Amino acid sequence: MIRMMENLLVAIHNVTGIQKIKEYTQVLLGFRIKTIIISKAVGSAAMSGVPQAQKIIFKKGGNLLYVEDIPDIIELLNPDIIYVVAPQPYAKHKFEPGMIIQELKAKKKILLIFGGSDPGLSKRELEFGIDIYLEVPADIGTIGTAAIILYQIWKLL
Numbered sequence: 008m009i010r011m012m013e014n015l016l017v018a019i020h021n022v023t024g025i026q027k028i029k030e031y032t033q034v035l036l037g038f039r040i041k042t043i044i045i046s047k048a049v050g051s052a053a054m055s056g057v058p059q060a061q062k063i064i065f066k067k068g069g070n071l072l073y074v075e076d077i078p079d080i081i082e083l084l085n086p087d088i089i090y091v092v093a094p095q096p097y098a099k100h101k102f103e104p105g106m107i108i109q110e111l112k113a114k115k116k117i118l119l120i121f122g123g124s125d126p127g128l129s130k131r132e133l134e135f136g137i138d139i140y141l142e143v144p145a146d147i148g149t150i151g152t153a154a155i156i157l158y159q160i161w162k163l164l
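Numbering (my numbering), first residue to last: 8 to 164.
Written as structure tokens, this is what we have:
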């Protein structure tokens, strides 16, 4: 199970708050995500949040990849499949954990990208992968969405 989770890459893109980076880091480390990716952090998130996250991640034996934009993630990590997570109506495809499990079992490298600030990811950013949404009554934000998606994947592994 842990081996398969190593092929699951998770990124937060366009984040502005220190607290959001810290919470995101805590959730991902809780699910044993080995490489945590932060893309396009701005303001206090870039100046203080990323260094704080790096310290937490390093203490837990993980890796932090901090890049300027989504194309940098793709270039450096070369994922087989990219899912871009957004709320409805921006994303058109319902999140199906079984599909990701099958891809991980087939040893595919999967990248999940979450938007770090409201309103989330732009139309251009959604086009980097397969746009997916988590079926919930209303938008629960990036951290809640990431936690539920990772839990559903972890539960099936």
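Ideal Cβ positions, reconstructed from N, Cα and C, are used throughout, including at glycine.
Quantities reported herein were computed from a predicted structural model and do not represent experimental measurements.
Would you grab the beta carbon distance between residue i and residue j for me? Rounded to a whole angstrom, and I think it's under 8 Å.
i	j	result
P86	L16	6 Å
P94	Y140	6 Å
I88	K47	Their Cβ separation, rounded to whole angstroms, is 21 Å, which puts I88 and K47 out of contact at 8 Å.
V92	T152	6 Å
Measuring CB to CB, does residue i end up less than 8 Å from residue j?
i	j	result
I120	I77	yes
N21	K41	no
K29	Q59	yes
S51	I80	no
K27	G123	yes
May I have the straight-line CA-CA distance separating residue i from residue j, to the nearest angstrom?
i	j	result
P96	I150	19 Å
L35	A18	10 Å
L163	I107	10 Å
I156	V74	23 Å
Y158	M54	30 Å
W161	A154	10 Å
Within 10 angstroms of its Cβ, does residue i collect 16 or more other Cβ (buried), or is it exposed?
i	result
F135	buried
L118	buried
G56	buried
Output needed for residue i: all residues of its chain with C-beta closer than 7 Å, excluding positions within five of it in sequence on either side, in chain order.
i	result
K99	D138
E110	I88 and I117
Go through its chain and collect everything with a Cβ distance to residue i's Cβ below 6 Å, but skip five positions before and after it.
i	result
K101	E142
F38	L157 and W161
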